[in-house]
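Notes to accompany the following structure.
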Amino acid sequence: RRVLFRSFGRPVVESVIRCAQDYGQHKQTSLGWIEEIAKSQWNDIEALVALKSSLPVDSLVLADFNLRVAQRLNELCAADSGSSDEYCAGSLNDLAIAYCKVGQPELALQAAQEAVDIRRGLAEQRPDAYRPDLAMSLNNLAGVLGALGQREPASQAAQEAAGLYRELAIQRPDTFQSSLALSL
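Given below as structure tokens:
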């Protein structure tokens, strides 16, 4: 199966994912296909990143599987001393989203806050490179806080994200105008 993934790559994985979603009523069989692909890639960060990027975030059928992949990527990132803070923050952001999708906002909050903390440090070092990622993580944190009923902290995170998007939209309107509109 590893050869199959390496030979055909993303098109094969995306076809299997579509089948799993289309035949969700046969969840055991269709998810089994994806599980087999993932099992052969479970220790390969690059392959899991490719798989994760192919998974639809809003799929109810794949929500639990999406969470397992996000958890595994986060484990691999934490265990790999060569992993960059940027990569680990992205992994934590994805993990927070996956936790939200399966109804675990408390765990999502922890991952989202950690992603913001890492990205805040990166943005202090290199603002032009990392402010967009910080804004995205703040927006994500605001959503998690809102889901937990923590209105004031959610509002603060959302306002900070909107402020960053405002600054970015002034500098690069073609790139960030839509992000600003979504954050307001």
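Each residue of the sequence shown is one higher than the one before, starting from 154 at the first, in this note's numbering.
Ideal Cβ positions, reconstructed from N, Cα and C, are used throughout, including at glycine.
Taking Cβ to Cβ, would you say residue i is nearer than 8 Å to residue j?
i	j	result
A276	L248	no
L220	A251	yes
S206	I170	no
L321	A310	no
L226	L201	yes
A314	A295	yes
C172	W186	yes
A242	I271	yes
F218	L184	yes
K254	A216	yes
P326	A300	no
Y340	A288	Because the chain in this structure spans residues 154 to 337, residue 340 falls outside the shown range and cannot be described.
Indicate the three-state DSSP secondary structure (helix, strand or coil) for residue i in the structure shown.
i	result
N196	coil
L157	The predicted position of L157 is uncertain, since its pLDDT is 46 and thus under 50; a value taken from the coordinates is nonetheless stated next. Looking at L157 - three-state DSSP - the assignment turns out to be helix.
D233	coil
D238	helix
S212	coil
R171	helix
R221	helix
R279	coil
V202	helix
Does the beta-carbon of residue i have 16 or more other beta-carbons within 10 angstroms, so that it is buried, or is it exposed?
i	result
L213	exposed
S308	exposed
A231	exposed
R155	Note that R155 scores a pLDDT of 47, beneath 50, so its modelled location is shaky and nothing firm can be said.
P280	exposed
V210	exposed
A264	buried
D286	buried
A282	exposed
A284	The amino acid occupying residue 284 in the given sequence is Arg; Ala does not appear at that position. Burial call: buried.
S244	buried
I323	exposed
K192	exposed
Following the continuous alpha helix (DSSP H) through residue i, name the residue where it begins and the one where it ends.
i	result
G256	No alpha helix (DSSP H) holds G256; DSSP gives it neither H nor E.
Worksheet item: What alpha helix (DSSP H) runs, 4 residues minimum, are completely inside the region 293 to 329?
Response: With a minimum length of 4 residues, the continuous alpha helix (DSSP H) runs that stay inside the region 293 to 329 are 304 to 324.
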